[in-house]
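Asks:
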Amino acid sequence: YLWDDTCCINKSVVGEHQESLAMMGDWYTNAEFCITYLGTETSCFKSIKNPWWSTRGWTLQELVLSRKAHFYNNKWELLQPDAGISKADIDEAIAKFSRIPIEEVCRGGSSSTLHGFDIMHLMSRRQLTVPTDQAYALMGMLGVKFQAFHAEGISMALSRLICEYVIATNDVSVFNWFG
Numbered sequence: 001y002l003w004d005d006t007c008c009i010n011k012s013v014v015g016e017h018q019e020s021l022a023m024m025g026d027w028y029t030n031a032e033f034c035i036t037y038l039g040t041e042t043s044c045f046k047s048i049k050n051p052w053w054s055t056r057g058w059t060l061q062e063l064v065l066s067r068k069a070h071f072y073n074n075k076w077e078l079l080q081p082d083a084g085i086s087k088a089d090i091d092e093a094i095a096k097f098s099r100i101p102i103e104e105v106c107r108g109g110s111s112s113t114l115h116g117f118d119i120m121h122l123m124s125r126r127q128l129t130v131p132t133d134q135a136y137a138l139m140g141m142l143g144v145k146f147q148a149f150h151a152e153g154i155s156m157a158l159s160r161l162i163c164e165y166v167i168a169t170n171d172v173s174v175f176n177w178f179g
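So for the sequence shown, this note's numbering puts the first residue at 1; every next one is plus one.
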């Protein structure tokens, strides 16, 4: 199966959209690999410098929860590792321009080495078009699920996220977050 979040989520059906937001983290974690469209003109990793997609909120899940990622440029050409560059080198490059700790890059279902505070801090530097998505994009990263309601606003969405996370983990580090 192939799942594409921009094509497979029917946003006009509210229930489907809400359920999809809660399930997205599971879908990335359970996927064999993730196809990531970079939109860059280059065809080699060495020349990628601070791509715009690495600052998007939803790409945090793609880059962390996927077990493996295949990267494509703006012509949908697979970016091949440059000669002499290993997967570890690619992970290091991704970590550098996305500001994700290297041990978190494509960790899949493995437990995070980060506290909730650190995960929320990673999201706070990212861009989202819908403000409540800052909370909803963190559900999979923090391992919690709750019903998404875009009308509730960012404050309520973050409050519910923090509440669910603390109940599930007893990690109160999230109260130090100031994103």
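Just so you know, even glycine gets a beta-carbon here, dropped at the ideal spot from N, CA and C.
1. For a test of the three-state rule: what should DSSP assign to residue 9, helix, strand or coil?
2. Helix, strand or coil for residue 34 per DSSP?
3. Pick out whichever of 67, 18, 117 has its Cα sitting closest to the Cα of residue 165.
4. Consult DSSP for residue 211 and reduce its assignment to one of helix, strand or coil.
5. Do three or more CB pairs link the segment 77-91 to the segment 134-142 at distances below 8 Å?
6. Express the C-alpha separation of residue 163 and residue 180 in angstroms, rounding to a whole number.
7. Leaving out five residues on either side along the sequence, give the residues of the same chain with a beta carbon under 7 Å from the beta carbon of residue 66.
8. Could you give the distance in angstroms between the alpha-carbon of residue 184 and the alpha-carbon of residue 93?
9. Measure the beta-carbon distance from residue 78 to residue 72 and round it to whole angstroms, keeping in mind my assumption that it falls under 8 Å.
10. Beta strand (DSSP E) containing residue 97: first to last residue?
Replies: On the basis of the data shown:
1. Within the sequence shown, numbered from 1, the residue matching residue 9 stands at position 9. It is coil, neither helix nor strand.
2. Counted from its first residue, the sequence shown places residue 34 at position 34. Strand, per DSSP.
3. Here residue 165 is taken as the residue at index 165 of the sequence shown, counted from 1. Ranking 67, 18, 117 by Cα distance to residue 165 puts 117 first.
4. Nothing about residue 211 can be read from this structure; the chain reaches only from 1 to 179.
5. No, because fewer than three Cβ pairs between the segment 77-91 and the segment 134-142 fall closer than 8 Å, the two stretches do not touch.
6. Outside the modelled stretch of the chain, which goes from 1 to 179, sits residue 180, for which no answer is possible.
7. Along the sequence shown, read from residue 1 onward, the residue named residue 66 stands at position 66. The beta carbon of residue 66 is closer than 7 Å to those of 28, 31, 33, 34, 106, 108 in its chain, skipping five residues each way along the sequence.
8. Nothing about residue 184 can be read from this structure; the chain reaches only from 1 to 179.
9. Numbered from 1 along the sequence shown, position 78 holds the residue referred to as residue 78. Numbered from 1 along the sequence shown, position 72 holds the residue referred to as residue 72. About 6 Å; that satisfies the 8 Å criterion.
10. Residue mapping note: residue 97 aligns to position 97 of the sequence shown, counting from 1. Not the beta strand (DSSP E): residue 97 falls in the alpha helix (DSSP H), residues 87-98.
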